[in-house]
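Residue numbers (my numbering), protein chains in the order written: chain A, 807 to 1019; chain B, 807 to 1019. Idealized CB from N, CA, C, for every residue including glycine.
Protein chains: 2
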Amino acid sequence: MPVPSHRVGAYHVRMRLCFIGDSYVTGTGDETCQGWAGRLCALEGQAGHDLTLYNLGIRGQTSHDIALRWQGEALARLHGRNDGGIVLSFGANDAVADAAGQPRLALQDSLHATERILRVARTRWPTLMIGPPPVGQPGSDRRTRVLEQAMAALCSQAGVPFLSVWAPLLDSAAWCGGIAQGDGLHPGGAGYAVLARLVQGWPAWRDLMAAPP
Amino acid sequence: MPVPSHRVGAYHVRMRLCFIGDSYVTGTGDETCQGWAGRLCALEGQAGHDLTLYNLGIRGQTSHDIALRWQGEALARLHGRNDGGIVLSFGANDAVADAAGQPRLALQDSLHATERILRVARTRWPTLMIGPPPVGQPGSDRRTRVLEQAMAALCSQAGVPFLSVWAPLLDSAAWCGGIAQGDGLHPGGAGYAVLARLVQGWPAWRDLMAAPP
């Protein structure tokens, strides 16, 4: 994984990060419009890091949709720079049932799309992946959980750090209660704050925020 | 200008808005990572409107850079929907001097790029334009001011509402002081909050947030 070379001061990182995914990356339902990505970058700003946040979540998109457009959008923001990074998070829409009761994307198609994204991203930029969250729909959540575990295996093979947020979000009243009190699919700001803290404390994220030795 | 047809309740608008521009749209320097676009959508959320914010600001981009990529990014987010909208704001980077002391983009090239964007955007989506702000650099600010006034005329011809924020931001201690205390080009959150309030109170924006009669 390329190490960002543009650092500010002894322990402060300056990076431009593309957060690529679906409505959970957009932060749908967050009353501050920050989402977990904005909350995470704001927390790191308080710690002295200078992060430019490019929020490239698009509501409703599956892994396949994202595979088609992520690279052009990342290149428009990061091409020619040495301070870029990629944070991926998607999958929940793949598992949603269509009118015929079938998932919008079959498991193998989800994994194929994810593998294509990982393969390109990791050779160009420091890349991290956050697993899809539970969204309070038993049928699709069951499929998303299977996908999430397969994504973890795929990331392990590709050498991309993967953070599962499934268990801690299922245990989080702010996440699950926020969904129940919200639109039934998305939490409010308190739920996204929990997710931001999970990423903030993740060793692979902390490595990204650490000055080189 | 097409009127968004997807409304929630009597006076609440549900829209997906692409904010397209440069680092001032990104919200560079805002310690909350909201920028004016996030602050504006959060304010409207408090008023009951359900806005999805797609922040498509890219640091350093000129009008020409934006003309090359805005449409693909907007289509990825709004294609096939009837609740989309476009908010444009750029120009400050066009006026920055290159190594030879010339602006990165000549006035006519800026206006040509802007006209291309306006022509396509206004036929597909409700479209608004916010003028570029002063950024505390006398030389480039003088050129940006000329460009800003020419953009206003262009928008008037194209039937796209244009908001000049030049005078109120020059008068704003939060904007100008924030730039001086920040990186010398971008304000902090208090400055972006001033800009958000200017847009919030703009009659053309209020029209977008108004239910149809």
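Tell me, to the nearest whole angstrom, how far the beta carbon of residue i is from that of residue j; I am working on the premise that it is less than 8 Å.
| i | j | result |
| --- | --- | --- |
| residue 859(A) | residue 878(A) | Not a contact, Cβ separation roughly 19 Å. |
| residue 911(B) | residue 939(B) | Residue 911(B) to residue 939(B), Cβ: 17 Å. No contact. |
| residue 966(B) | residue 842(B) | Contact doesn't hold; Cβ gap of about 19 Å is too wide. |
| residue 1000(B) | residue 970(B) | Not quite, the Cβ-Cβ distance comes to about 14 Å (not below 8 Å), so this is no contact. |
| residue 968(B) | residue 935(B) | 5 Å |
Can the beta-carbon of residue i be found closer than 8 Å to that of residue j?
| i | j | result |
| --- | --- | --- |
| residue 949(B) | residue 993(B) | no |
| residue 1023(B) | residue 821(B) | No information on residue 1023(B) is available, as it lies outside the stretch 807 to 1019 that chain B covers here. |
| residue 883(A) | residue 847(A) | no |
| residue 997(B) | residue 1007(B) | no |
| residue 854(B) | residue 829(B) | no |
| residue 972(A) | residue 937(A) | yes |
| residue 827(A) | residue 895(A) | yes |
| residue 890(A) | residue 931(A) | yes |
| residue 933(A) | residue 892(A) | yes |
| residue 837(A) | residue 851(B) | yes |
Would residue i be called buried (16 or more neighbouring beta carbons within 10 Å of its own) or exposed?
| i | result |
| --- | --- |
| residue 833(A) | buried |
| residue 861(A) | buried |
| residue 880(A) | buried |
| residue 809(A) | Residue confidence is low: residue 809(A) scores 49 on pLDDT, short of 50, so the model does not pin down where it sits. No coordinate-derived value is stated. |
| residue 840(A) | buried |
| residue 952(B) | exposed |
| residue 1019(B) | Bear in mind that a pLDDT of 41 at residue 1019(B), under 50, signals an unreliable position, so the number given afterwards is only what the model happens to contain. Exposed: under 16 other Cβ atoms inside 10 Å. |
| residue 928(A) | buried |
| residue 904(A) | exposed |
| residue 1002(B) | buried |
| residue 1013(A) | exposed |
| residue 1009(B) | exposed |
| residue 819(B) | buried |
Could you check if residue i belongs to the surroundings of the ligand MG, using beta carbon to heavy atom distance under 7 Å?
| i | result |
| --- | --- |
| residue 864(A) | Summarising the ligand content, the structure contains no ligands, and the ligand MG is consequently not present. |
Between residue i and chain C, is there a C-beta pair that is closer than 8 Å?
| i | result |
| --- | --- |
| residue 820(A) | Looking for chain C here will not work: the only protein chains present are A and B. |
So if I threshold CB-CB distances at 9 Å, which residues from the segment 868-893 of chain B count as touching chain A? Of all residues in the segment 868-893 of chain B, 871, 874, 875, 878, 879, 882, 883 have a Cβ within less than 9 Å of some Cβ in chain A.
Would you call the segment 937-945 of chain A in contact with the segment 917-929 of chain A, where contact means no fewer than 3 C-beta pairs closer than 8 Å? By the criterion of at least three beta-carbon pairs nearer than 8 Å, the segment 937-945 of chain A is not in contact with the segment 917-929 of chain A.
Proximal residues, the segment 968-989 of chain A versus chain B, C-beta separation under 8 Å: For the segment 968-989 of chain A, which is checked against every Cβ of chain B, not one residue is closer than 8 Å.
Cβ contact check for the segment 857-872 of chain B and the segment 886-903 of chain B: 3 or more pairs under 8 Å: Taking 8 Å as the limit for Cβ pairs, the verdict is that the segment 886-903 of chain B does touch the segment 857-872 of chain B.
Any contact between the segment 952-969 of chain B and the segment 904-918 of chain B? By contact I mean 3 or more CB pairs, one from each, below 8 Å. Cβ pair count under 8 Å is three or more, so yes.
Relative to chain B, which residues along the segment 844-860 of chain A have a C-beta separation below 7 Å, given in chain order? Within the segment 844-860 of chain A, the qualifying residues are 844, 847, 848, 851, 858, 859.
Chain A contacts from the segment 822-844 of chain B (Cβ-Cβ distance under 7 Å): Along the segment 822-844 of chain B, the positions whose C-beta sits under 7 Å from a C-beta of chain A are 832, 834, 837, 838, 839, 840, 844, read in chain order.
Select from the segment 998-1011 of chain A all residues with a C-beta closer than 7 Å to any C-beta belonging to chain B, and list them in chain order. Listed by position, the residues of the segment 998-1011 of chain A near chain B (Cβ gap below 7 Å) amount to none.
Beta carbons nearer than 7 Å to chain A: which residues of the segment 910-935 of chain B have them? Close to chain A, meaning a Cβ-Cβ distance shorter than 7 Å, is no residue of the segment 910-935 of chain B at all.
Mind listing which residues of the segment 946-959 of chain A have their C-beta closer than 9 Å to chain B's C-betas, in chain order? For the segment 946-959 of chain A, no residue has a beta-carbon sitting nearer than 9 Å to a beta-carbon of chain B.
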